[in-house]
Structures are given as structure tokens and as C-alpha cells.
Amino acid sequence: CAHTRHVIQNSALLSAALLFESLPNALPMSYRPRRRPGSYSGDTEAPTSPLKKAPTGGHFRKDKDDNEKPRESRSEGFMAVLRSRGTVLVSLMVVQSLSGMILGSFEALIQDHVVITLFLTMLVGAGGNAGNQATVNIIRGLATGEVNNRTRWAILRNEANLGLVLGLLLSGVAFLRVAIWKGDLVSAFAIGAACLVIVSLSVLVGAALPLLFVHFGIDAAHAGPAIQVAMDIIGVTFTCIICSAIFAAFAPSSAA
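Throughout the sequence shown, residue numbering follows mature numbering (1 follows the signal peptide of the UniProt record, and there is no 0), covering -28 to -1, 1 to 228 in sequence.
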């Protein structure tokens, strides 16, 4: 009988073990025992690592990215951008040479009034900065949809008014700078008047140039370097014309 009792106990223990083994599948999800992070049961496939061992062993390779472009396509993209930007920059460099031709035609004026050469970079730089601000604002407006066919004329009128006010402000600063540094009111008036015209025009041209590019199907991003070249030519031209007129009007009292 002792042997019989031992067999019955072993059978009971085996039944209990089988019951506890199947118990998690019989319980609701909220009562099932949680697996530790990183542990996987036999019916769950462990995630594969992005690094797989190479056949030779000891070295690992990264899985190939489906979105990664081949080296040839990246090279073609680089060359396309290089051709686009290079063509624009070379063309602008050729156009910018017109400013040298304009200065050559006013060589006598520049020799008689050296003050023009001393402040020419200031005038051209002020025009380029003001025009570039307007260009960036319009390009941003085109990207956000704020500038469109319905609002472009109102925005251009607003930029023209803003350019006039900025021209008055910067021309006053230019007048004071020349008057204090040179002590010549005629030269100060000539440089100040040129600054007024250049800044006012640069804001208007800077605002209109991106819209003009879009109208003709040209990338508006090229308006940035284009406005710099345009203002170099416009700045040199109007500086020479305005200074020539003012110095001719005040010839007896003007000084070089």
C-alpha cells in the first residue's frame, strides 16, 4: 500500500504541474504574468538586429537602406546643382562688369571729387542690404502662400512706401556721416541724395524681382544674388548721375 500511495502522490503532483503550466492561457490578459523586457517566449520571434553578421564572421554589416540613393544618382544631383548655380553666378559676374564701364564713363567726375569713391561702397552696400531684405521677405511670403496673385500688388505698394521711409532714414545718416567726416555740406548733400534714391529703388526692385522670376518660371531663390548685382549697377549709376548734377550746380563752392 505504501507503493500505491507513492504512485497516487506522483500522479497528483503531475496533474498539478500540468494545470499550472496551462493556467496562463486560461486567465484573462490582465491577470497573465508579464514578461520581462527583452525576454521572449517560444511562440514570439525575437526582433532581428539591424546589424547582421557577415558570412566570414567577426565583421558586421549594416542592413541596406531602401531609401538610400545610389552613389551615381547623388553625383548626378550634385552636378545638376553645380550647373544651375554656376550658370547663374557666371552670368551675374558678366553683368556686374557693367558697373566698371559706368565708372569709366564718369572718370573725370571721380578724379575731381574723390569723395564719391570714398563713399561709393557705403551707398552700394546700403542698397544691396535693403534690397536683400525685401527679396527675402517676398521669397518667404511665396513659400508660406502669403504672397500670391491676389496680394502681390498691395505688398509691392507697401514695400515701395517702406523703401521711401528707409531711404529718408539712411540718407540722413549718410548726410551726417559725410558732413562730420569731410566737413563739406555739398558733398554731404550729394551723397545723402544718392543714398535716398538708391535705397528707395533697391527695396522696390528687391520686392519685385522674385515675383518677376516666378512669372517667367525661374527659381525665386536666384533673386538673392541677382539683387546684389542689380544694386551694384543701379548704385553706381545713380551715384554718378546725382553727384554729377549736384556738383555741377554748386561748382563754385564744391571741393574735391
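Positions of the beta carbon are idealized from the N, C-alpha and C atoms, including for glycine.
Keep in mind the model is a prediction, meaning the values are calculated, not measured.
{"Check": "Whole-angstrom C-beta distance between Val171 and Ala106, which should lie under 8 Å", "Outcome": "Actually they do not touch by this definition, with Cβ atoms about 11 Å apart."}
{"Check": "Phe185, DSSP secondary structure in three states", "Outcome": "helix"}
{"Check": "Endpoints, the alpha helix (DSSP H) within which Phe84 is located", "Outcome": "Here the sequence assigns Asp to residue 84, which means Phe is not the residue at that position. Start and end: Glu79 to Asp84."}
{"Check": "Cut-off 8 Å between Cβ atoms - residues of its own chain near Gln83, not counting five sequence neighbours on either side", "Outcome": "none"}
{"Check": "N- and C-terminal bounds of the alpha helix (DSSP H) containing Phe219", "Outcome": "Ala195 to Ala221"}
{"Check": "Segments assigned beta strand (DSSP E), at least 3 residues, entirely inside the segment 96 to 157", "Outcome": "none"}
{"Check": "Contact with chain B by Arg57, beta-carbon distance below 9 Å", "Outcome": "Here chain B cannot be found, since the structure has a single protein chain."}
{"Check": "Length of the line joining the Cα atoms of Ala146 and Ile152", "Outcome": "10 Å"}
{"Check": "C-beta atoms of Ile199 and Leu181 nearer than 9 Å", "Outcome": "yes"}
{"Check": "Residue from Gly178, Ser159 and Ser174 with nearest C-alpha to Ala220", "Outcome": "Ser159"}
{"Check": "Beta-carbon proximity of Val169 to Ala202, cut-off 9 Å", "Outcome": "no"}
{"Check": "Per-residue burial, Val137 [other beta carbons within 10 Å of its own, 16 or more giving buried]", "Outcome": "exposed"}
{"Check": "Test item: CB-CB of Ser143 and Ala165 under 9 Å", "Outcome": "yes"}
{"Check": "Residue burial classification, Gly76 (beta-carbon count within 10 angstroms, cutoff 16)", "Outcome": "exposed"}
{"Check": "Residues near Leu134 in its chain [Cβ-Cβ closer than 7 Å; skip 5 each side]", "Outcome": "Val175"}
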